[in-house]
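These notes are about the structure you will find just below.
In this note's numbering, the protein residues as written are 9 to 133.
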């Protein structure tokens, strides 16, 4: 029987698996990390977030686990409730690939999303 690490190494030999892992790390993980970091930055427990959402702590725990594991994708409505509980807002926008590339390159600045929010106000989607 393979260990988890051996299984991962075996799976990563497959080009399709490598491509999907790269896509997830490039496209989805930064977003999920921001969502999870927002609760920590707000200094709230899962129970406090749940109360603000009108939910339960185990439900918030399952939501955060889903964000980390990718086992299921929470709805946009759920993510909006979660963000609102943290005093944040989820903003979705369709934009040109060139602009997305610029955002990815500049997202690592000290200003983080503040810089992106400024650009978002200046460039209509």
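Even for Gly, the Cβ is constructed at its ideal location relative to N, Cα and C.
For residue i, which residues of its own chain have a beta-carbon under 8 Å away from its beta-carbon, when the five flanking residues on both sides are left out?
i	result
residue 46	91, 94 and 96
residue 75	40, 43, 44 and 82
residue 19	25
residue 77	none
Determine the burial state of residue i: buried for a count of at least 16 other Cβ atoms within 10 Å of its Cβ, exposed for fewer.
i	result
residue 99	exposed
residue 120	Residue placement at residue 120 cannot be trusted, given a pLDDT of 47 that sits under 50; the coordinates are not used to answer.
residue 131	For residue 131, the predicted structure reports a pLDDT of 46, less than 50, and the residue's modelled location is therefore unreliable. The matter cannot be settled from this model.
residue 25	exposed
residue 58	buried
residue 9	exposed
Under 6 Å Cβ to Cβ from residue i, same chain only, skipping five residues before and after it: list those, please.
i	result
residue 88	98
residue 52	none
How long is the line joining the alpha carbons of residue i and residue j, rounded to whole angstroms?
i	j	result
residue 85	residue 71	12 Å
residue 43	residue 21	31 Å
residue 13	residue 29	15 Å
residue 63	residue 69	11 Å
residue 61	residue 38	23 Å
residue 79	residue 11	21 Å
residue 137	residue 48	The structure shown does not extend to residue 137, since the chain spans only 9 to 133, so no value can be given for it.
residue 113	residue 31	16 Å
residue 73	residue 110	30 Å
Compare the beta carbon distance of residue i and residue j with 8 Å and say whether it is the shorter of the two.
i	j	result
residue 65	residue 55	yes
Cutting at 7 Å between CB atoms, please list the residues of its own chain near residue i, excluding the five before and the five after it.
i	result
residue 67	58
### Task
Scan the stretch 40-95 and note each continuous beta strand (DSSP E) run of 3 residues or more that stays entirely inside, going in chain order.
none
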